[in-house]
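This report refers to the structure that appears directly beneath it.
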Amino acid sequence: MCATVYLSTMYASYAQVMQSSNYSINFDSINSGGVISSSTNYGTEDTLGELSTGDSSSTNYSISAGYQQNDTYFIAISVAPNLTLSSISGIGANQASGTASWNVSTNDPVGYSLYIRSTSSPSLKATTTNSSFADYVPTGASPDYAFTVGAASSTFGFSPEGNDIVSRYKDNGSACNTGSGNNTNTCYDGLSTTDRLISSVVAANYPIGATTTVRFVAGVGSSKIQDAANYQATVIVTAIAP
Amino acid sequence: MSRIFSTILITTIGFFLLFLHSPMQVSAQARNINSINVQLNVVQCNYDLMCDAGEVFDSCPSDCEAVATSSTSTPSIIPEAPIQSAPIGGTSRGSEEQIRQSLNMAKDFYAYNFFGNVLLLWTPPRLNEYPLVPSFLQPNPFVRILRSTTGFPTGPLDEGIVVYEGRGTTFFDTDVENGIRYFYSLFVKDPSTGKYSWGSYASVFVSKIMKQNTDTSTSSSNISISSQDKTFNTIDQNGFGVDTSFFDLNLRNSTSSLRSTQTGTMIITPTSTMQYKFLYQSTPLSKWSLLMTFVYQNVLEYLLLILTIFILSFVFVRYVL
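Protein chains in written order, with the working numbering: chain A, -8 to 233; chain B, 44 to 364.
So, in structure tokens, the structure goes:
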């Protein structure tokens, strides 16, 4: 019998498995029969005669008892705290930056994809006035290797970092969307209200997971006078196990 | 026959129930979401001791106030101190006055806009002008202050108006006009050599703002505010100043109390007189307050007057007569 115990949306653990120094049994079952069947396109494993199968749950736990139950995949994402960038002057060339990290773990063998978006356009807006920072727009189709801001503008961008970032945010030391480097503080893009893929991998990574760090930068140009105010952007990251 | 049919039927139902109860593989898309708020506070002050465009005293006093009360430490507008060489053969002004020395400058030279005039303050150096006199009894050194409207006079004989010569530590310059920035240079004269020190510099923007009160009351109470002059002492190099004012109001026979006649902050242009409006907040008084006000104004005032007269009379009779 196998049991999968969910400890919340963040963390999950399998039932106890048996192992020795050379072998391990990940799942075991006591039943009266079962067979593995397959055709050209599909395969199935069925089990017959198990006892005490089915779903049960309490306030904090749920269990799906049964040998084949383990094939229910899950994905978990850590909760990041709100990010407060250091205060800057709205007069003269100034920048503020900060990072937020998310750990994504899944037992799905096809891996996961991590997307990012904001809830508004532009993303970084004053909470009490109509002032805002424009969403960062790279000079070309690929992200900018370095964060730049025009003299007469103010802008808000992001740069993802991590082992699973997609090729768009990898660099060769001087340009993005090329090479395999993952230098920090490089490859800047702008947020929008549409999901943008930042990390992806085709493999299960449970229980360690993979961490993607997103660096947010707000910059004011040298001749821009940015209104004094409190600005806020709401950023949503979505992890999907396809 | 029926037994065989029943057996087949029960077996079929049993298999069906087992089929329903057996777990099935599920392959649905899993998804999880997290959101954060990215927050940023922007202030309009870059703390570079320069009152830049966009900075005002109210939000950036560290920059705009520093320039408004410019002194010898004002770095950006103090001219490089040129050495004026002595004219060959001398001049009627005396060549010794044109060679300056780097010692004995005045310190803390400030120029303040003071109700449309300019108040100059400085700390003179201590010179041992009389060798036999103790240091603390030495007189203040002789200073010369020049004034210009185009820039700091660079030397004691430079172009500019000599507004003060003497041994004082303050000077009140009343010969100034509203809406103009004045540049002052102060030079200390060494009595032993006759040379002048390097200059100390200060500038100030003179403004005299006339207030014209406008009564905007929501009550029928009599509000009367006399006009008064207002001088802005904190005006930056761009000619903008911010100040606040408070007024006390006397209300008599009123059914309302007036609160907060603060004008708030105001940015003014370099040009002279302007008007602005006062807004008053009217708050109805409670019956108890009205009663107390009536008692005070119509009874207590007279009782206090009678009591005062009585005490004075008592003192006069007891101790004088």
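Where a beta carbon is used, it is the ideal one built from N, C-alpha and C, also for glycine.
Note that the structure is predicted; figures quoted are calculated from it, not measured.
Reference residue i, options the options, closest by Cα
i, options, result
"A/Ala220", "A/Thr50, A/Asn51, A/Ile82 and A/Asn168", "A/Ile82"
"B/Ala245", "B/Leu200, B/Gly194, B/Gly237 and B/Glu208", "B/Gly194"
"A/Ser47", "A/Ala56, A/Leu39, A/Gly40 and A/Glu41", "A/Ala56"
"B/Lys150", "B/Val161, B/Asn160 and B/Thr166", "B/Thr166"
"A/Gly131", "A/Glu152, A/Gly40 and A/Cys167", "A/Cys167"
"B/Glu172", "B/Gly237, B/Asp201 and B/Asn160", "B/Gly237"
"B/Thr192", "B/Ser178, B/Leu347, B/Glu208 and B/Glu220", "B/Glu220"
"A/Asn90", "A/Gly164, A/Thr38, A/Val205 and A/Tyr58", "The displayed chain sequence assigns Thr, not Asn, to residue 90 of chain A. Of the candidates A/Gly164, A/Thr38, A/Val205 and A/Tyr58, the one whose C-alpha sits nearest the C-alpha of A/Thr90 is A/Val205."
"A/Val70", "B/Phe152, B/Asn156, B/Val205 and B/Ile76", "B/Ile76"
"B/Thr217", "B/Ser178, B/Arg190 and B/Pro199", "B/Arg190"
"A/Asn121", "A/Tyr52, A/Asn51 and A/Asp218", "A/Asp218"
"B/Arg224", "B/Val247, B/Ser235 and B/Val205", "B/Val247"
"A/Asn196", "A/Pro100, A/Gly164, A/Ser111 and A/Ser29", "A/Pro100"
"B/Pro168", "B/Asn156, B/Pro182 and B/Val85", "B/Pro182"
"A/Thr38", "A/Leu76, A/Ser77, A/Ile199 and A/Val26", "A/Val26"
"B/Phe226", "B/Asp201, B/Pro177 and B/Met335", "B/Asp201"
"A/Gly230", "A/Ile216, A/Ser92, A/Ser171 and A/Tyr14", "The sequence given here has Ala at residue 230 of chain A, not Gly. When only C-alpha atoms are compared, the closest one is A/Ser92."
"B/Val85", "A/Lys161, A/Tyr160, A/Ala84 and A/Ser165", "A/Ala84"
"B/Pro199", "B/Ser178, B/Leu347, B/Leu175 and B/Val231", "B/Val231"
Proximity of residue i and residue j at Cβ, strictly below 8 Å
i, j, result
"A/Ser80", "B/Gln82", "no"
"A/Ala209", "A/Gly102", "no"
"B/Asn80", "A/Thr184", "no"
"A/Thr169", "A/Glu152", "no"
"B/Gly211", "B/Val249", "no"
"A/Thr177", "A/Ser158", "no"
"A/Asp126", "A/Thr203", "no"
"A/Ser20", "A/Tyr58", "yes"
"A/Ser104", "A/Ser191", "yes"
"A/Ser145", "A/Phe124", "yes"
"B/Ala73", "A/Ala201", "no"
"A/Leu42", "A/Phe207", "no"
Own chain residues within Cβ distance below 6 Å of residue i, not counting five before or after
i, result
"A/Ile107", "Arg187, Ile189 and Val228"
"A/Ala142", "Gly212, Ser213 and Ser214"
"A/Asp135", "Pro129 and Tyr179"
"B/Ile349", "none"
"B/Leu164", "Tyr153 and Thr213"
"A/Tyr222", "Leu115 and Ala117"
"B/Leu180", "none"
"B/Pro196", "Leu189, Gly203 and Ser228"
"A/Thr35", "Ser28"
"B/Ile126", "The pLDDT assigned to B/Ile126 is 31, lower than 50, so where the model puts this residue is not dependable; a value taken from the coordinates is nonetheless given after this. Excluding sequence neighbours, B/Ile126 sits near nothing in its chain."
Spatial neighbours of residue i in its chain, beta-carbon cut-off 7 Å, leaving aside the 5 residues before and after
i, result
"B/Phe215", "Asn160 and Leu162"
"B/Leu229", "Ala149, Phe152, Trp165, Val186, Ile188, Gly242 and Ser243"
"A/Phe138", "Gly148, Tyr179, Val208 and Gly210"
"B/His64", "Legend: pLDDT at B/His64 = 41, less than 50; position of this residue unreliable, no value from coordinates given."
"A/Asn163", "Thr169, Gly170 and Gly172"
"B/Met67", "Low confidence applies to B/Met67: its pLDDT is 36, below 50, so where it sits in the model is not reliable enough to give any reading."
Cβ neighbours of residue i in the same chain (closer than 8 Å, five flanking residues each side left out)
i, result
"A/Leu182", "Ile107, Arg108, Ser109, Ser114, Asp126, Tyr127, Phe147, Gly148, Phe149, Ala224 and Val226"
"A/Tyr78", "The question names Tyr, yet the displayed sequence has Ser at residue 78 of chain A. For A/Ser78, where only same-chain residues beyond five positions count, the Cβ hits under 8 Å are Ala87."
"A/Ile199", "Ser96"
"A/Lys161", "Cys167, Asn168, Thr169, Gly170, Ser171, Gly172, Asn173 and Cys178"
"A/Thr119", "Ala220 and Asn221"
"B/Glu208", "Phe185, Val186, Arg187 and Ile188"
Query raised in the report: Which residues, taken in chain order from the stretch 194 to 209 of chain A, show a beta carbon closer than 8 Å to some beta carbon of chain B?
Result: Phe207 and Ala209
Requested in this report: Using a Cβ-Cβ cut-off of less than 7 Å, give me the residues of the stretch 154 to 187 of chain B that come near chain A, in sequence order.
Outcome: none
Query raised in the report: Should the stretch 63 to 72 of chain A be regarded as contacting the stretch 92 to 102 of chain A, the criterion being three or more beta carbon pairs within less than 8 Å?
Result: yes
Report task. Please name the residues in the stretch 210 to 226 of chain A whose beta-carbon is closer than 8 Å to at least one beta-carbon of chain B, in chain order. Result -> Val211, Ile216, Gln217, Asp218, Ala219, Ala220, Asn221, Tyr222, Gln223, Ala224, Thr225 and Val226
Query raised in the report: Can you list, in chain order, the residues of the stretch 67 to 88 of chain A whose Cβ is nearer than 8 Å to any Cβ on chain B?
Result: Ala67, Ile68, Ser69, Val70, Ala71, Pro72, Asn73, Leu74, Thr75, Leu76, Ser78, Ile79, Ser80, Gly81, Ile82, Gly83, Asn85 and Ala87
Query raised in the report: For the stretch 188 to 199 of chain B, which residues have a beta carbon sitting closer than 8 Å to at least one beta carbon of chain A?
Result: none
Report task. Check each residue of the stretch 113 to 128 of chain A: if its Cβ is closer than 7 Å to any Cβ of chain B, include it; give the result in chain order. Result -> Leu115
Query raised in the report: Any residues in the stretch 141 to 158 of chain A with a beta carbon nearer than 7 Å to a beta carbon of chain B? Which ones, in chain order?
Result: none
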